[in-house]
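Heads up, the thing below is written out as structure tokens.
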Amino acid sequence: MLTRLHSIDAYLRIGLLCLIAGSSVCLTSCQSPGTDAKATLPSTAPLPVGTLPEDGSQQLLEHINQSRRQHKLPVLVVDPRLTRAALEHSESMLRHQYFDHRGHDGSRFQQRLLRNGYPRSHSAENIAMVHDPKLVFDMWFNSRGHYKNMMNPKYSRVGIGRAGNYWTANFAAPDGT
1 MLTRLHSIDA YLRIGLLCLI AGSSVCLTSC QSPGTDAKAT LPSTAPLPVG
51 TLPEDGSQQL LEHINQSRRQ HKLPVLVVDP RLTRAALEHS ESMLRHQYFD
101 HRGHDGSRFQ QRLLRNGYPR SHSAENIAMV HDPKLVFDMW FNSRGHYKNM
151 MNPKYSRVGI GRAGNYWTAN FAAPDGT
């Protein structure tokens with residue numbers, strides 16, 4: 001059973017333990033020198049309303065919504081604007097090989113939401129750097145801040161973006177609230 005995690009260092013320790021245990025879960029895929037990171041990025045083609053790419057994002061959402069139902073909270077609905085902002089951030093972290101809430105261009109997540117057409121509202125961002133969507137959920141569930149974001153009753157919208165082993169989830173209240 002995982003204990004409550006409170007820092008990125010804890011995430012890294014879990015990843016190291018997984019590697020030592022011979023698990024198939026690892027923190028991040030290494031890029032060989034001379035390869036083009038852009039070639040490994042998923043397509044950013046527009047998504048239909050209410051859908052997520054078939055890269056584990058839907059499974060992550062199912063874990064989150066199952067937990068919300070168990071706690072008598074409404075399920076989160078996918079918003080393509082939040083999804084685009086999440087995917088943009090995950091792709092940036094993969095392309096530039098960093099792990100941070102601040103974008104490579106210095107942007108904060110609220111700026112990325114606005115840039116993708118989502119108006120100012122109550123919102124939050126979770127990020128992770130692992131392969132498996134269930135492990136992402138477990139890590140967030142056992143981290144007080146990430147848990148609060150996933151389970152906040154004000155949030156009814158979500159966007160999840162994955163690039164390689166980088167995950168971003170944007171949680172938000174409806175437009176402008």
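Position 163 of the sequence shown, counted from 1, bears residue number 163 in the UniProt record's numbering, the numbering being contiguous throughout.
Just so you know, even glycine gets a beta-carbon here, dropped at the ideal spot from N, CA and C.
(request) Assuming residue 200 and F109 form a contact by the criterion Cβ under 8 Å, report the distance between their Cβ atoms to the nearest whole angstrom. (result) The requested residue 200 does not occur in the structure, where the chain is confined to residues 1 to 177.
(message) Do V75 and R68 have their beta-carbon atoms positioned less than 8 Å apart in this structure?
(response) The residue labelled residue 68 in the question sits at position 68 within the sequence shown. The residue labelled residue 75 in the question sits at position 75 within the sequence shown. Yes; because the gap between Cβ atoms is below 8 Å, this pair is in contact.
(request) Compare the beta carbon distance of T177 and S123 with 8 Å and say whether it is the shorter of the two. (result) Within the sequence shown, the letter at position 177 stands for residue 177. Within the sequence shown, the letter at position 123 stands for residue 123. Contact: no.
(message) What does the alpha-carbon distance come out to for the pair Y166 and G117?
(response) As a working note, residue 166 is residue 166 in the sequence shown. As a working note, residue 117 is residue 117 in the sequence shown. Going from the Cα of Y166 to the Cα of G117 covers about 23 Å.
(request) Alpha carbon to alpha carbon, how far is E54 from A37? Give it in angstroms, no decimals. (result) Mapped onto the sequence shown, residue 37 falls at position 37. Mapped onto the sequence shown, residue 54 falls at position 54. Low confidence applies here, because A37 scores a pLDDT of 36, under 50, leaving its location unreliable and the question unanswered by this model.
(message) What would DSSP say about I54, mapped onto helix, strand or coil?
(response) Residue numbering aside, residue 54 sits at position 54 when the sequence shown is read from its first letter. Looking at the sequence itself, residue 54 is Glu, so the reference to Ile does not match. Three-state DSSP puts E54 in coil, outside helix and strand.
(request) Please determine, among Q70, E125 and Q58, the residue with the shortest C-alpha to C-alpha distance to H89. (result) Residue mapping note: residue 89 aligns to position 89 of the sequence shown, counting from 1. The option with the nearest alpha carbon to H89 is E125.
(request) Tell whether a beta-carbon distance below 8 Å holds between M139 and L73. (result) Your numbering for residue 139 matches position 139 in the sequence shown. Your numbering for residue 73 matches position 73 in the sequence shown. Not closer than 8 Å, so no.
(message) With distance defined between alpha-carbon atoms, name the residue in A85, D105 and H131 nearest to V158.
(response) Within the sequence shown, the letter at position 158 stands for residue 158. Closest option to V158, Cα to Cα, is A85.
(request) Starting from N170, follow the alpha helix (DSSP H) in both directions and report where the run begins and ends. (result) Here residue 170 corresponds to residue number 170 of the sequence shown, with the count starting at 1. Run containing N170: none in the alpha helix (DSSP H); it sits in the beta strand (DSSP E), Y166 to A172.
(message) Here's a check: name, in chain order, each residue in its chain whose Cβ is nearer than 7 Å to the Cβ of H96, leaving out the five neighbours to either side.
(response) Locating residue 96 in the sequence shown gives position 96, where the first residue counts as 1. Answer for H96: H104, listed in chain order.
(request) On a CA-only basis, which of G145, P153, V136 and N142 is nearest T168? Give me that one, please. (result) Here the question's residue 168 lines up with position 168 in the sequence shown. If we check each option's Cα against that of T168, V136 comes out closest.
(request) Tell me where the beta strand (DSSP E) around N126 begins and ends. (result) The sequence position of residue 126 within the sequence shown is 126, counting from 1. First-last of the beta strand (DSSP E) with N126: S123 to M129.
(request) Keeping to the same chain, check which residues put their C-beta closer than 8 Å to that of Y155; ignore five residues upstream and five downstream. (result) The sequence position of residue 155 within the sequence shown is 155, counting from 1. Answer for Y155: L76, H122, S123, A124, N149, F171, A172 and A173, listed in chain order.
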